[in-house]
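Enquirer: In the numbering used here, the protein residues as written are 74 to 302.
Note that CB positions come from ideal geometry on N, CA and C, so glycine has one too.
Predicted model only: the values in this text are computed from it and were never measured.
Quick one: this structure, given as C-alpha cells, is what I'll be asking you about.
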C-alpha cells in the first residue's frame with residue numbers, strides 16, 4: 074500500500090491537474106466572450122453600426138508602419154467600380170447557434186480609391202464600431218487621432234455595408250488571433266484599394282486590441298484581426 078505521504082502527493086498532483094484544467098477552460102470561455110466564440114471556421118454574421126460621442130482618448134491600434142511611401146491619395150469620396158462575391162467555404166452551422174445572415178451571400182462593393190479622413194471623419198468626435206455577431210456584441214473604439222486614414226476607411230466601408238455577413242476566415246488559437254473583413258473569405262480579398270501604414274510598427278498588441286491585417290508595407294485594406302488573449 075502507498076504511504077500516507079505518497080497519497081498526499083498524489084492528491085496534490087490530482088488537484089493541481091484539475092486546477093490547471095479549470096483554468097484552461099475558464100480562459101477559453103473568456104476568449105469566447107471577447108471575440109464571439111468562433112468555432113473552427115463557423116460563419117459569424119457581422120453588422121457594423123457606429124456610435125458617435127465626444128472627444129476621448131482612443132487606444133485601439135491600426136496597421137504597423139514600415140518603410141515605403143504610398144502614392145498621393147485621390148480626392149473626393151471613392152467611386153464604386155464593381156462587386157465581388159465570397160469564395161470561401163464557411164461552415165454551414167453558424168457559431169453559437171445563430172442563423173446564417175442574409176448578407177453572407179451578398180456581393181460586396183469595390184472602390185477605386187481610399188476615402189480621405191477629412192471627407193469621412195468629423196472633428197473632435199469619437200467613433201465606436203458596434204459589431205453584432207451571432208455570439209454577441211463586440212465594440213471597437215477607432216483611433217482617429219493616430220490612425221485617421223485607417224479609421225476613415227473602416228467607417229466608410231461599414232457605412233456601405235461592406236462588413237455585413239462576413240465571417241472570421243482565420244482563427245489561430247496558438248497566437249490568440251481571429252481575423253475578418255475579407256469579402257472573398259479566402260484571406261486575399263479587400264475593398265479594391267489599399268491604405269497607408271500609420272503606426273511605428275513597434276506597438277505591442279495586448280488582448281482586446283484590433284489591428285489591420287496586411288501583406289506588406291502599405292497594403293492594408295478591409296481585413297482586420299482581434300487579439301483574443
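1) Pick helix, strand or coil for residue 243, following the three-state DSSP scheme.
2) Relative to the alpha-carbon of residue 264, which residue among 81, 169, 182 has its alpha-carbon at the smallest distance?
3) Under a three-way DSSP split, which group does residue 231 fall into?
4) According to DSSP, is residue 202 helix, strand or coil?
5) Do you know whose CA, among 219, 160, 189, 246, lies nearest residue 240's CA?
6) My guess is that residue 224 and residue 194 are in contact by the Cβ rule of under 8 Å, so how many angstroms apart are they, rounded?
7) Helix, strand or coil for residue 177? Go by DSSP, reduced to three states.
8) Quick one: grab the DSSP three-state call for residue 172.
9) Secondary structure at residue 269, three-state DSSP: helix, strand or coil?
10) Counting along the chain, where does the alpha helix (DSSP H) carrying residue 190 start and finish?
11) Give the secondary structure of residue 111 by DSSP, where H, G and I count as helix, E and B as strand, and everything else as coil.
12) Hey, would you say residue 180 sits closer than 7 Å to residue 156, going by beta carbons?
13) Taking a contact to mean a Cβ-Cβ separation below 7 Å, would you say residue 150 touches residue 192 in this structure?
14) Is residue 87 helix, strand or coil by DSSP?
15) Buried or exposed: residue 78, going by 16 or more other Cβ atoms within 10 Å of its Cβ?
16) Where DSSP assigns a beta bridge to residue 253, which residues make up the other side?
17) Which residues mark the beginning and the end of the beta strand (DSSP E) in which residue 302 is found?
18) Among the candidates 254, 246, 247, 243, whose CA atom is the shortest distance from the CA of residue 234?
19) On the criterion of 16 or more Cβ atoms from any shown chain inside 10 Å, does residue 213 qualify as buried, or is it exposed?
20) Are residue 237 and residue 176 closer than 7 Å when you measure CB to CB?
21) So who's on the other strand from residue 210, going by DSSP bridges?
22) Helix, strand or coil, according to DSSP, for residue 156 in the structure here?
23) Do the stretch 284–296 and the stretch 193–208 meet, that is, are 3 or more Cβ pairs less than 8 Å apart?
Expert: For this structure:
1) strand
2) 182
3) helix
4) strand
5) 160
6) 6 Å
7) helix
8) coil
9) coil
10) 190–193
11) Confidence in residue 111 is poor, its pLDDT being 34 and thus under 50, which makes the residue's placement too unreliable to answer from.
12) yes
13) yes
14) helix
15) exposed
16) 297
17) Counting along the chain, residue 302 falls outside any beta strand (DSSP E), and DSSP gives it neither H nor E.
18) 254
19) buried
20) yes
21) 205
22) strand
23) no
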